[in-house]
Structures are given as structure tokens and as C-alpha cells.
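Data block below; observations after.
Numbering (our numbering), first residue to last: 7 to 322.
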């Protein structure tokens, strides 16, 4: 992985009739110094620059270089950073995304590209005549509208946002969701939700209906991560990090403040199990989190050996 702290892109940008920059697509993108044949690359894409009266937009060429350590300064800048993430040029949390929401306009995402929501309402008869449908209203588009990650399966494209970082071998099932600035660092099975800022290690499994708290929803500063070969069971959830070879049993939600009994620890002198907040166990390897079916206590038990094993045929 390059240590360069600049990124460049050449491509096409969609501009609304009122001058709002709706998006930018960078088929030519990289880190470090811009390509020497940048002018030639821009000329390649200039032939696609044209007006689309159906959507009341104009497509123009765009060429940009940004400092990845500085805050986002424009819509074109925001899209360059998101595509750098999805092209696996940088990992989640390794670039500055401050100010990104202010530079992403809410767009009507159609099967012909973005347009202003007000124009989508005004031009509805025209859109219908041309078979153009509005598929969503959001600041973020679908990943697959801009990037087709190599060696990745995505069952429902609407559930993976641009800016998701999906490593080869990752499978995102129909109910899986991956936010921007989040994703996988190796082959993984995703049937639950990966929130913004969360990274999942190689060969881990996020079960159906499972939830991982992101920094946007909780208001905290801790960035949750999951190590390698770990399992977050169906309908389970975490607000702490998991190390390697960990398991959270199905249906159990473990937040930072959850009181956890340490099954392997020696009992306290006054009797009873040792109890800690789950935050104290954050990031530790080889732990099983479970709920005792008799007492109702949340327990942590040490595990031996490796964690889950993915089906190679599903992640080839």
C-alpha cells in the first residue's frame, strides 16, 4: 500500500442546470503524482461530455488532485476520496473525510445518472417517456454505479454505498449493508450491517441481521473493528472491537457498557464472578461472548484454536 498522501483523478462530472455539481466519476485515478499523460487521458473522456436534457444536466470533464490529509473542499474532491476507498487505494479511516456531508448534495439517483430532486419531480413525464426511473434520494450513490470491485459478490447493489472498501473474496448477501469508509480487509461473508468507520478482518463472518455500531450513530470516538476469523452471530451486535478468532453468539448485543462475567477468572474473595465492562475486553483475541441461559448474565469465555472457517467455494 502506497504511503503517498495525494490522490488524483480524471473523468466526468455531472452538473445540474442551476450549477450544482452532482457527482464525479474517475475512471483514471491514482495516488501520488498525476499521470504524465493526463491531457491525453482527459481527451479520451471529453468525447462523453454532453448535455442530457432529459435530466436537465450537463456532463463535463473533470481533472483533480487532492491532499488526502486535508478536509474535503468540493463535491469533486469528495467523490475522488470515495472512489479511492472503493478502488482499494486507501483503507477506511486512513484519509481525511471532514466536511464530506456538506459537499455531497442530495440527489435523485436514476438509472440514467443523478439529477436534482426538484428536476426529477418537474420532468416526471419526460423521464417516464425515456424509461428513466428514480431509484433513491440520498447524498451517497451505490458503489456499483462507479466501481465494480474485483473478485467481489454483491447481491443487492442498493445496499452498498460508494466509499465501501471491499477486498477480493468478499460476499455481501441480500440483507448485508456496507457504508462508506468501511469494509473488509480480506475475504469475508457479510449478511449484516457494517457501519461507517468499521473494518472487518479476513475470513470473518457477519451473520444475518447482525449490527456493528459506527461512530456516526453512537457519538463516541471509538472506531469498532473486527479481527480475522471472527463470527458475529445472526441478529447479534457489538459496540466494542473484536480481536482475532472471536465469537459473539446469535442474538447477543454487546455494547461498551455491557456488564460481562469472566468465566475463566478466579472468583472474587467475597464470592461471585469477576464482572467488567465490555469495553475492557475490546480488541482481545479468542473470546466467546454468550448469554447464560440460566442466570441471564453476559459471559466471556476464552477460546482455543482458530475461529470460523469460510466456505472457499463461496468466496473464490
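Where a beta carbon is used, it is the ideal one built from N, C-alpha and C, also for glycine.
Values in this document were obtained by computation on a predicted structure and should not be read as measured data.
Original post:
Cβ of residue 210 within 7 Å of Cβ of residue 230?
Top reply: Looking up residue 210 in the chain shown gives position 204. Looking up residue 230 in the chain shown gives position 224. Not in contact: residue 210 and residue 230 (Cβ atoms no closer than 7 Å).
**OP:** Would you kindly report the start and end of the unbroken beta strand (DSSP E) that includes residue 19?
**Re:** Numbered from its first residue, the chain shown carries residue 19 at position 13. Here the beta strand (DSSP E) through residue 19 covers 12-22.
Original post:
Can you give the Cα-Cα distance for residue 215 and residue 40, rounded to whole angstroms?
Top reply: Taking the first residue of the chain shown as 1, we reach residue 215 at position 209. Taking the first residue of the chain shown as 1, we reach residue 40 at position 34. Rounded to whole angstroms, residue 215 to residue 40 spans 43 Å at the Cα level.
Original post:
Apart from the five residues on each side of it in sequence, which residues of its chain come closer than 6 Å, Cβ to Cβ, to residue 271?
Top reply: Residue 271 sits at position 265 when you count from the first residue of the chain shown. So the list reads 280, once near-sequence residues are dropped.
Original post:
Which residue from 90, 18, 59 puts its Cα closest to that of residue 74?
Top reply: Along the chain shown, one-based indexing puts residue 74 at 68. The option with the nearest alpha carbon to residue 74 is 90.
Original post:
Run through DSSP, which three-state label would residue 65 get?
Top reply: Taking the chain shown and counting its residues from 1, one reaches residue 65 at position 59. Strand at residue 65.
Original post:
In terms of alpha-carbon separation, which member of 31, 37, 273 lies closest to residue 55?
Top reply: As a working note, residue 55 is residue 49 in the chain shown. It is 31 whose Cα lies nearest to the Cα of residue 55.
Subject >> Rounded straight-line distance, which links the Cα of residue 186 to that of residue 125 >> reply: Taking the chain shown and counting its residues from 1, one reaches residue 125 at position 119. Taking the chain shown and counting its residues from 1, one reaches residue 186 at position 180. Taking the straight line from one Cα to the other gives about 27 Å.
Subject >> Given 8 Å, three or more beta-carbon pairs between the segment 128-143 and the segment 42-55 >> reply: no
**OP:** List the DSSP bridge partners of residue 92.
**Re:** Reading the chain shown from its first residue, position 86 is the one you call residue 92. Looking at the DSSP assignment, residue 92 forms no beta bridge with any residue, so it has no partner.
Original post:
Among 109, 80, 181, 129, which has the Cα closest to the Cα of residue 61?
Top reply: Taking the first residue of the chain shown as position 1, residue 61 is located at position 55. Residue 61 has its Cα closest to that of 129, out of 109, 80, 181, 129.
Original post:
Would you call residue 120 buried or exposed, if buried means 16 or more other Cβ atoms sit within 10 Å of its Cβ?
Top reply: Working through the chain shown from its first residue, we reach residue 120 at position 114. With 16 or more Cβ atoms within 10 Å of its Cβ, residue 120 is classed as buried.
Subject >> Pairwise C-alpha distance: residue 193 and residue 315 >> reply: As a position in the chain shown, residue 315 is number 309, starting the count at 1. As a position in the chain shown, residue 193 is number 187, starting the count at 1. When rounded, the distance between both Cα atoms is 11 Å.
Original post:
So residue 296 is in the beta strand (DSSP E); what residue range does that whole segment cover?
Top reply: Residue 296 sits at position 290 when you count from the first residue of the chain shown. Its beta strand (DSSP E) spans residues 293-297.
Original post:
CB-CB under 7 Å to residue 67, same chain, minus the five flanking residues each way: which ones, in chain order?
Top reply: Here residue 67 corresponds to residue number 61 of the chain shown, with the count starting at 1. Cβ within range, chain order: 18, 48, 51, 52, 55.
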